[in-house]
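Throughout, our numbering is defined as the position within the sequence shown, counted from one, plus 244.
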Amino acid sequence: MEERLTRTLDWLYSLEARGEIYKLERMENALALLGNPHRKLRVVHIAGTKGKGSVAAMLDAVLRAAGMRVGLYTKPHLVNLAERTRVDGAQMPARRMLEYIENLREVYDRAGLALTFFEFTVAMMFLYFAEEHVDIAIVETGLGGRLDSTNVVRPILSVITPIGFDHMEYLGYTIPAIAAEKGGIIKSEVPVVVGARDHEARATLSSIAAQRRSATRLVDRDYTFRSLAPEHRIDYQGLALSLKDVELGLAGPFQHENAAIALATVEELRAQGNPISEDAMRRGLREVCWPGRFDIVSRDPLVILDCAHNELSVSALLETISVELSPEVRPHLVFGCLASKQWQRMAAMLAPRVADVTLAKAKPKNPLDPEHLLPIFAAHVPTRVERDPLAAIERVVKETPPSEVVLATGSVYLIGEIYPYFLAGTGRRGLFPEAPA
Numbered sequence: 245m246e247e248r249l250t251r252t253l254d255w256l257y258s259l260e261a262r263g264e265i266y267k268l269e270r271m272e273n274a275l276a277l278l279g280n281p282h283r284k285l286r287v288v289h290i291a292g293t294k295g296k297g298s299v300a301a302m303l304d305a306v307l308r309a310a311g312m313r314v315g316l317y318t319k320p321h322l323v324n325l326a327e328r329t330r331v332d333g334a335q336m337p338a339r340r341m342l343e344y345i346e347n348l349r350e351v352y353d354r355a356g357l358a359l360t361f362f363e364f365t366v367a368m369m370f371l372y373f374a375e376e377h378v379d380i381a382i383v384e385t386g387l388g389g390r391l392d393s394t395n396v397v398r399p400i401l402s403v404i405t406p407i408g409f410d411h412m413e414y415l416g417y418t419i420p421a422i423a424a425e426k427g428g429i430i431k432s433e434v435p436v437v438v439g440a441r442d443h444e445a446r447a448t449l450s451s452i453a454a455q456r457r458s459a460t461r462l463v464d465r466d467y468t469f470r471s472l473a474p475e476h477r478i479d480y481q482g483l484a485l486s487l488k489d490v491e492l493g494l495a496g497p498f499q500h501e502n503a504a505i506a507l508a509t510v511e512e513l514r515a516q517g518n519p520i521s522e523d524a525m526r527r528g529l530r531e532v533c534w535p536g537r538f539d540i541v542s543r544d545p546l547v548i549l550d551c552a553h554n555e556l557s558v559s560a561l562l563e564t565i566s567v568e569l570s571p572e573v574r575p576h577l578v579f580g581c582l583a584s585k586q587w588q589r590m591a592a593m594l595a596p597r598v599a600d601v602t603l604a605k606a607k608p609k610n611p612l613d614p615e616h617l618l619p620i621f622a623a624h625v626p627t628r629v630e631r632d633p634l635a636a637i638e639r640v641v642k643e644t645p646p647s648e649v650v651l652a653t654g655s656v657y658l659i660g661e662i663y664p665y666f667l668a669g670t671g672r673r674g675l676f677p678e679a680p681a
């Protein structure tokens with residue numbers, strides 16, 4: 245099966261050359277050919293610039309602790325494609341994924357429908373969740389919201405996390421424009437939880453919600469939280485829920501805000517009649533696992549992998565280093581990012597906070613050539629180029645004294661290429677267990 249799966253995945257990844265086509269009718273047509281599996285699901289739909297994956301993971305953990313069968317769809321993946329689509333914490337089995345790809349390819353070829361890579365994975369996800377009879381499907385958008393391929397659903401609840409600058413070439417160059425695209429997931433008379441604190445984003449999202457008669461739970465108005473950093477704990481106060489000293493399984497002050505958004509989402513789900521106890525909330529938030537987010541994968545030296553890939557997330561990462569370690573800590577940095585990102589700004593933020601830099605080039609998705617970054621970092625600290633991410637991390641880890649810190653960041657794709665280096669010693673092939681075939 246391995247050879248067949250490799251060939252099939254090679255074909256699927258070849259669809260990335262088609263780029264993205266932002267027309268929801270294509271996705272609707274594709275799902276109609278499968279019997280509209282998305283219409284059989286109770287979906288919590290999540291969009292935002294920062295934190296949507298973490299919020300999705302926290303919500304998944306809480307709902308599973310409450311005894312629900314939960315589907316979770318996030319993107320992009322780190323190590324293998326199957327981890328995007330999980331049920332009860334286990335990723336889609338390889339054999340099942342192979343069957344889906346082969347069968348769907350035949351269906352769409354016969355219909356003359358040439359899907360993009362992302363459209364194809366979304367179709368697989370909806371079909372898998374429907375066939376697995378999940379109680380709730382948590383679905384993260386790919387890009388934006390309004391025209392995202394996941395936005396064919398009629399959710400039971402929409403969630404919008406903090407808004408910032410990212411993917412501006414698609415979403416716009418102002419916060420109101422970006423918020424309007426993210427707010428495209430707000431559906432008529434479907435409640436929405438808004439975690440955005442920027443006043444322009446809040447105003448835009450509140451206006452969209454009002455036009456669509458969608459009840460809104462707004463951060464700092466309908467729910468608040470108090471960070472107990474440096475402890476991984478928060479106090480939460482909502483409209484009908486008050487929790488003190490909630491322990492979080494994810495490190496970093498930025499996760500405190502994400503946990504509050506997740507709890508506001510849970511509070512709305514409870515208001516809709518879903519039985520979720522306070523014990524399930526506490527247990528889920530304590531046990532949640534979300535790889536690649538201030539992820540300590542090794543010690544002696546301490547090695548941290550973080551998927552920060554825009555200005556907002558780099559700022560959160562630097563704050564986390566100060567709180568979790570010390571403001572004086574200067575990591576040995578492995579960095580690589582995409583050409584479409586705010587690479588000058590990210591480099592300028594990181595350069596004064598690191599001891600030295602090794603620049604790498606992750607393969608997928610238009611990576612930035614390291615030579616563009618060299619002068620920015622070299623103006624502050626010793627900087628070199630080691631293009632292959634695995635060679636870069638191996639070299640830096642071997643050269644770093646046991647008492648010091650290694651940090652790899654800049655791109656989800658970079659972290660995805662580095663992660664197997666640390667999995668190799670564990671005997672694991674992926675980040676999550678595989679569901680039974």
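Idealized CB from N, CA, C, for every residue including glycine.
Distance between beta carbons of residue j and residue i, contact taken as under 8 Å
i: residue 456; j: residue 422; result: Not quite, the Cβ-Cβ distance comes to about 19 Å (not below 8 Å), so this is no contact.
i: residue 404; j: residue 428; result: Going by Cβ atoms, the distance from residue 404 to residue 428 rounds to 10 Å, so no, they are not a contact pair.
i: residue 536; j: residue 659; result: 5 Å
i: residue 657; j: residue 634; result: About 13 Å separates the two Cβ atoms, so there is no contact after all.
i: residue 294; j: residue 556; result: 5 Å
i: residue 275; j: residue 300; result: Wrong, their Cβ atoms sit about 21 Å apart, outside the cutoff.
i: residue 600; j: residue 627; result: 7 Å
i: residue 380; j: residue 286; result: 5 Å
i: residue 472; j: residue 478; result: 6 Å
i: residue 532; j: residue 326; result: The Cβ separation is near 20 Å, so there is no contact.
i: residue 391; j: residue 480; result: The Cβ separation is near 34 Å, so there is no contact.
Proximity to residue i [Cα-Cα], best of the options
i: residue 247; options: 331, 262, 678 and 338; result: 338
i: residue 264; options: 305, 472, 365 and 372; result: 365
i: residue 504; options: 516, 521, 281 and 525; result: 525
i: residue 529; options: 262, 590, 442 and 302; result: 302
i: residue 281; options: 256, 655, 565 and 368; result: 368
i: residue 250; options: 260, 605, 341 and 579; result: 341
i: residue 425; options: 435, 432 and 448; result: 448
i: residue 662; options: 643, 637, 674 and 304; result: 637
i: residue 647; options: 543, 601, 551 and 677; result: 543
i: residue 568; options: 498, 641 and 654; result: 498
i: residue 442; options: 253, 463 and 434; result: 463
i: residue 572; options: 550, 596 and 582; result: 596
i: residue 513; options: 312, 258, 273 and 271; result: 312
i: residue 475; options: 461, 490, 481 and 465; result: 490
i: residue 399; options: 414, 437, 581 and 445; result: 437
i: residue 320; options: 308, 298 and 522; result: 298
i: residue 459; options: 434, 548, 465 and 466; result: 434
i: residue 575; options: 549, 673 and 554; result: 549
Endpoints, alpha helix (DSSP H) assigned at residue i
i: residue 481; result: First-last for residue 481: 477-481, but that is the beta strand (DSSP E), not the alpha helix (DSSP H).
i: residue 254; result: 246-258
i: residue 411; result: First-last for residue 411: undefined, no H or E at that position.
i: residue 672; result: Neither: residue 672 is in no alpha helix (DSSP H) and is coded neither H nor E.
i: residue 451; result: 443-455
i: residue 278; result: Looking at the DSSP string, residue 278 is not in any alpha helix (DSSP H), and its letter there is neither H nor E.
i: residue 307; result: 296-309
Exposure of residue i, with buried meaning 16 or more beta-carbon neighbours within 10 Å
i: residue 384; result: buried
i: residue 468; result: exposed
i: residue 539; result: buried
i: residue 410; result: buried
i: residue 517; result: exposed
i: residue 289; result: buried
i: residue 418; result: exposed
i: residue 604; result: buried
i: residue 570; result: exposed
i: residue 335; result: buried
i: residue 328; result: buried
i: residue 483; result: exposed
i: residue 372; result: buried
i: residue 586; result: buried
i: residue 377; result: exposed
i: residue 610; result: exposed
i: residue 257; result: exposed
i: residue 255; result: exposed
i: residue 670; result: exposed
Terminal residues of the beta strand (DSSP E) in which residue i lies
i: residue 489; result: 486-491
i: residue 417; result: It is not in any beta strand (DSSP E) - residue 417 carries neither H nor E in the DSSP assignment.
i: residue 546; result: 546-549
i: residue 462; result: 460-462
i: residue 289; result: 287-291
i: residue 468; result: 468-471
i: residue 541; result: 539-542
i: residue 404; result: 401-404
beta-carbon residue i near the ligand MG non-hydrogen atom, thresh 6 Å
i: residue 561; result: With respect to the ligand MG, the structure offers nothing, as it holds no ligand at all.
Task: Secondary structure, alpha helix (DSSP H): runs of 4+ residues fully inside the segment 567-653 - done: 587-594, 614-622 and 633-643
Open item on the list: For a minimum of 3 consecutive residues, which ranges assigned as the beta strand (DSSP E) are wholly contained in the segment 331-395?
Closed with: 380-384
- [ ] Please go through the segment 497-544 and give each complete alpha helix (DSSP H) segment of 4 or more residues, from N-terminal end onward.
- [x] 498-515 and 522-531
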